[in-house]
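Residue numbers 202 to 725, in our numbering, belong to the letters of the sequence shown in order.
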Amino acid sequence: MIEAAKTVGIEIPHYCYHPGLSIAANCRMCLVETNKHPPGKLVPGCQITVMEGMEIKTQSQRVKDQQRSVQELLLLHHPVDCAICDQAGECRLQDYYQEYDYKPSRLDGPKWMKNKRKILGPTIVLDQERCIMCTRCVRFMKEIAGDPVLGVFGRGTREVIDVFPGKTLENNYSGNIVDLCPVGALTWRDNRFRARAYFLSATPSICTGCERGCNVYLDHFQGVPYRYRPRENPEINQYWMCDVGRLSYHSLHDDRLVRARVDGEEVEVEAAAATAAKRLAEQGGRLAVVVSPVLSLEDALAVAALAREGLGADAIYVSGRPAGEADRLLLRADRNPNRKGVELAAQAFGLQVRPFDVLMASPADRVLLAGLEIPGDEAAFVEWLRKAQVVVALGTNLSPLLDAAHVALPLAPHSEAEGTFVNFQGRAQRFLAAYAPRGGARPGWAWAARMLRDLGQETGWNSAREVFMDLGRKLPEGSLGSFDWDATPRRYLKGVVPLPGGTVDGRPAGMRELLPLRSSGTAA
Numbered sequence: 202m203i204e205a206a207k208t209v210g211i212e213i214p215h216y217c218y219h220p221g222l223s224i225a226a227n228c229r230m231c232l233v234e235t236n237k238h239p240p241g242k243l244v245p246g247c248q249i250t251v252m253e254g255m256e257i258k259t260q261s262q263r264v265k266d267q268q269r270s271v272q273e274l275l276l277l278h279h280p281v282d283c284a285i286c287d288q289a290g291e292c293r294l295q296d297y298y299q300e301y302d303y304k305p306s307r308l309d310g311p312k313w314m315k316n317k318r319k320i321l322g323p324t325i326v327l328d329q330e331r332c333i334m335c336t337r338c339v340r341f342m343k344e345i346a347g348d349p350v351l352g353v354f355g356r357g358t359r360e361v362i363d364v365f366p367g368k369t370l371e372n373n374y375s376g377n378i379v380d381l382c383p384v385g386a387l388t389w390r391d392n393r394f395r396a397r398a399y400f401l402s403a404t405p406s407i408c409t410g411c412e413r414g415c416n417v418y419l420d421h422f423q424g425v426p427y428r429y430r431p432r433e434n435p436e437i438n439q440y441w442m443c444d445v446g447r448l449s450y451h452s453l454h455d456d457r458l459v460r461a462r463v464d465g466e467e468v469e470v471e472a473a474a475a476t477a478a479k480r481l482a483e484q485g486g487r488l489a490v491v492v493s494p495v496l497s498l499e500d501a502l503a504v505a506a507l508a509r510e511g512l513g514a515d516a517i518y519v520s521g522r523p524a525g526e527a528d529r530l531l532l533r534a535d536r537n538p539n540r541k542g543v544e545l546a547a548q549a550f551g552l553q554v555r556p557f558d559v560l561m562a563s564p565a566d567r568v569l570l571a572g573l574e575i576p577g578d579e580a581a582f583v584e585w586l587r588k589a590q591v592v593v594a595l596g597t598n599l600s601p602l603l604d605a606a607h608v609a610l611p612l613a614p615h616s617e618a619e620g621t622f623v624n625f626q627g628r629a630q631r632f633l634a635a636y637a638p639r640g641g642a643r644p645g646w647a648w649a650a651r652m653l654r655d656l657g658q659e660t661g662w663n664s665a666r667e668v669f670m671d672l673g674r675k676l677p678e679g680s681l682g683s684f685d686w687d688a689t690p691r692r693y694l695k696g697v698v699p700l701p702g703g704t705v706d707g708r709p710a711g712m713r714e715l716l717p718l719r720s721s722g723t724a725a
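1. Do you know offhand how far Asp456's Cα is from Gly376's?
2. Any chance you could list the beta strand (DSSP E) runs of at least 3 consecutive residues sitting entirely within the segment 518–571, in chain order?
3. In three-state terms, what does DSSP make of Arg229?
4. For Val592, which of Ala477, Lys675, Ser680 and Ser616 has the nearest alpha-carbon?
5. So with Cβ pairs under 8 Å, would you call Ala475 a contact of chain D?
6. Counting only the same chain and skipping the five closest in sequence on each side, list residues whose C-beta sits under 8 Å from that of Ala524.
7. With Pro540 and Pro494 assumed to form a contact (beta carbons below 8 Å), what rounded beta-carbon distance in angstroms separates them?
8. Measure the CB-CB distance between Leu552 and Ala508 and report whether it falls below 8 Å.
9. Tell me the rounded alpha-carbon separation between Glu584 and Cys443.
10. Could you pull out every residue in the same chain whose Cβ sits closer than 7 Å to the Cβ of Trp646, ignoring the five residues on either side in sequence?
11. Considering Gln329, what are the terminal residues of the alpha helix (DSSP H) in which it resides?
12. Quick one: Cα of Met252 to Cα of Ile211, how far?
13. Where in the segment 417–476 do unbroken runs of the beta strand (DSSP E), each at least 3 residues long, occur, reported from the N-terminal end onward?
14. Terminal residues of the continuous alpha helix (DSSP H) containing Thr621?
15. Can you give me the Cβ contacts of Arg587 inside the same chain, cut-off strictly under 6 Å, excluding the 5 residues immediately before and after it?
16. DSSP on Gln630, reduced to helix/strand/coil?
17. From Trp648 to Arg529, what does the alpha carbon distance come to, in whole angstroms?
18. Can you tell which of Glu617, Phe354, Val445 and Arg462 has the C-alpha that lies nearest to the C-alpha of Asp391?
19. DSSP three-state label for Glu256, please.
20. Take Leu243 and list the residues in its own chain whose beta-carbon comes closer than 8 Å to its own, dropping the five residues that flank it on each side.
21. Beta-carbon separation of Leu195 and Gly620 under 8 Å?
22. Alpha carbon to alpha carbon, how far is Ala473 from Asp464?
23. For the segment 335–405, which segments carrying the alpha helix (DSSP H) assignment without a break, of at least 4 residues, lie completely within its bounds, in sequence order?
24. Inspect the beta-carbon positions of Val470 and Gly542 and report whether they are closer than 8 Å.
25. Hey, could you find the ends of the alpha helix (DSSP H) Leu612 is sitting in?
26. To which residues of the same chain is Arg302 closer than 7 Å at the C-beta, ignoring the five residues directly before and after it?
27. Since Cys415 contacts Leu531 with CB under 8 Å, what's their CB separation in whole angstroms?
28. Can you grab the Cα-Cα spacing for the pair Ala155 / Tyr636, in whole Å?
29. Helix, strand or coil, according to DSSP, for Lys675 in the structure here?
30. In the DSSP assignment, what are the bridge partners of Gly486?
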């Protein structure tokens, strides 16, 4: 019933219900009246399936009185932590108080005191006083993560969520219970007290932690990323994401290469690109073009164009992050988001795709590194690079590989550029730039376009879209299915309350998830 009501623009408030979990019907916030049940009997909307001829009352006086009663009882012993709570600004208890209760409690007395900082494991902290016993976390760990270490202990007002004796919460999907929690009882240790939720803009993006390509929101403020949250996609990640991907946002900001370098000295962007093109073109001998599958499809297409049409290459070597362990839910062993995209880009220009492990079998005179992720021995690869006469490296983060590069060009990560990733299923998914590139960082396609221009080939590319529209025609027919680059990513919503100066809610202009009809909690 809750989902059916959403389709016609009606919200039935709820705490315990989530479309990805079993029905608990324990919060009683979603009680409604219908003509299919005895008069005056309230039934849980999360548990009732709509049927032909059913009439549902969601705004009757009886329903409103019930909602106010539920809110009053939930708030009776709830701590007034809003000023310091990480959930403030995206808390359903706050939202529903404003909408369905909004009056002082009729009861007075001391609040029950519970554990304010219960360490459940290496990533999660529980505040038992804030918990409203919706049991979402318990159900998720049992039904989805397959690791039932959480349970309900005690009775009545002494009831608490906790780990079973002798157990700790150590699971690669533990972060999802923070997303699911509607009231801030569960917090993520990596992100506690770092930013107020209402300051953050949310940009639809794609997780780059592995080849699955989970749909996420990147939450950011003033050009700094603060967290990833899962974004619903039934075909790829449903409502969830793994902790490996959740923590990968750190690489978007930490230890960044933000200034171009030539022979170890910082130089202007234009000079660096011109030097790179000149040295690669003038140096004879064997050319090795190494492309990381962390690059977007547009970046890979542009680099392939540079390799084939600008430098005369006949092959590329695909590098990438080392393989890791896979699990039964979402995480894939291949830790690179766009391997299929890089292979398609090579096919588009008739370039052979060679594995990285054959690259160092013989020395190269000139090397173009598009991305600094490598799957093998980093020290051995650095020594191999030192034997080359010219090494041009495009990279996002600082790396020992830069010590062997004659020209280093700062590469904008996917948080600072728009583009497309092609996941292991062959699904092309577009991501959006969250904020402007840092320092002198540029997308890979922009560096390739600049070097092609210096080599006498004008491309006319001014955006990732123009790259895709120009070079995407060379891709094998049907390789991207029905992908439409111009289609807006799902749930791409602007913030509200525009203020003077083009800002939103007092923040830099950006995207923020403000959905009146969503499942309570940030995961749906």
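By construction, the Cβ of each residue, glycine as well, lies at the ideal position given by its N, Cα and C atoms. Just so you know, these numbers come straight off a predicted model, no measurement behind them.
On the basis of the coordinates in this document:
1. Here residue 456 is taken as the residue at index 255 of the sequence shown, counted from 1. Here residue 376 is taken as the residue at index 175 of the sequence shown, counted from 1. Spanning the two alpha carbons is a distance of roughly 24 Å.
2. 553–556 and 567–571
3. Here residue 229 corresponds to residue number 28 of the sequence shown, with the count starting at 1. If DSSP states are grouped into helix, strand and coil, Arg229 belongs with coil.
4. Working through the sequence shown from its first residue, we reach residue 592 at position 391. The residue with the shortest Cα to Cα distance from Val592 is Ala477.
5. Considering every chain present, this structure includes no chain D. It has just one protein chain.
6. Against the sequence shown, residue 524 aligns to sequence position 323. Cβ within range, chain order: Ala534, Asp535, Arg536 and Pro576.
7. Position 339 of the sequence shown, counting from 1, holds the residue named residue 540. Position 293 of the sequence shown, counting from 1, holds the residue named residue 494. One detail in the question is off: residue 540 reads as Arg in this sequence, not Pro. Yes, they are in contact, since the Cβ atoms of Arg540 and Pro494 sit about 4 Å apart, within 8 Å.
8. The residue given as residue 552 occupies position 351 in the sequence shown. The residue given as residue 508 occupies position 307 in the sequence shown. Yes. Within cutoff.
9. Taking the first residue of the sequence shown as 1, we reach residue 584 at position 383. Taking the first residue of the sequence shown as 1, we reach residue 443 at position 242. Taking the straight line from one Cα to the other gives about 35 Å.
10. Here residue 646 corresponds to residue number 445 of the sequence shown, with the count starting at 1. Hits under 7 Å: Glu499, Asp500, Ala503, Trp662, Ala665 and Val668.
11. The residue labelled residue 329 in the question sits at position 128 within the sequence shown. No alpha helix (DSSP H) holds Gln329; DSSP gives it neither H nor E.
12. Here residue 252 refers to the residue found at position 51 of the sequence shown. Here residue 211 refers to the residue found at position 10 of the sequence shown. In a straight line, the C-alpha of Met252 is about 17 Å away from that of Ile211.
13. 425–431
14. As a working mapping, residue 621 is identified with position 420 in the sequence shown. It is not in any alpha helix (DSSP H) - Thr621 instead sits in the beta strand (DSSP E) that spans Gly620 to Val623.
15. The residue labelled residue 587 in the question sits at position 386 within the sequence shown. Correct list, in chain order: Ala605.
16. If you number the sequence shown from 1, residue 630 lands on position 429. Residue state, collapsed to three classes: strand.
17. Sequence index remark: in the sequence shown, residue 648 carries index 447 (1-based). Sequence index remark: in the sequence shown, residue 529 carries index 328 (1-based). Their Cα atoms are separated by approximately 39 Å.
18. Along the sequence shown, read from residue 1 onward, the residue named residue 391 stands at position 190. Among Glu617, Phe354, Val445 and Arg462, the Cα nearest to that of Asp391 is on Val445.
19. For the purposes of this step, residue 256 is taken as residue 55 along the sequence shown, with counting starting at 1. Of the three classes helix, strand and coil, the one that applies to Glu256 here is coil, per DSSP.
20. Within the sequence shown, numbered from 1, the residue matching residue 243 stands at position 42. Leu232, Val233, Glu234, Arg263, Val264 and Gln267, listed in sequence order.
21. Past the boundaries of the shown model lies residue 195; the chain is included only from 202 to 725, so the question cannot be answered.
22. For the purposes of this step, residue 473 is taken as the residue at position 272 of the sequence shown. For the purposes of this step, residue 464 is taken as the residue at position 263 of the sequence shown. Taking the straight line joining both Cα atoms gives about 10 Å.
23. 337–344 and 376–381
24. For the purposes of this step, residue 470 is taken as residue 269 along the sequence shown, with counting starting at 1. For the purposes of this step, residue 542 is taken as residue 341 along the sequence shown, with counting starting at 1. No, these two residues do not count as a Cβ contact at 8 Å.
25. Residue numbering aside, residue 612 sits at position 411 when the sequence shown is read from its first letter. Careful: Leu612 lies outside any alpha helix (DSSP H) and carries neither H nor E.
26. Along the sequence shown, one-based indexing puts residue 302 at 101. The sequence given here places Asp at residue 302; Arg does not occur at that position. Once the five neighbours on either side are set aside, the close Cβ partners of Asp302 are Arg269, Gln272 and Glu273.
27. Here residue 415 is taken as the residue at index 214 of the sequence shown, counted from 1. Here residue 531 is taken as the residue at index 330 of the sequence shown, counted from 1. Going by Cβ atoms, the distance from Cys415 to Leu531 rounds to 6 Å, so yes, they are a contact pair.
28. Since the first residue of the chain shown is 202 and the last is 725, residue 155 is not available in this structure.
29. In the sequence shown, counting from the first residue as 1, residue 675 sits at position 474. DSSP places Lys675 in helix when its eight states are reduced to three.
30. For the purposes of this step, residue 486 is taken as the residue at position 285 of the sequence shown. Paired residue(s): none; Gly486 is not in a bridge.
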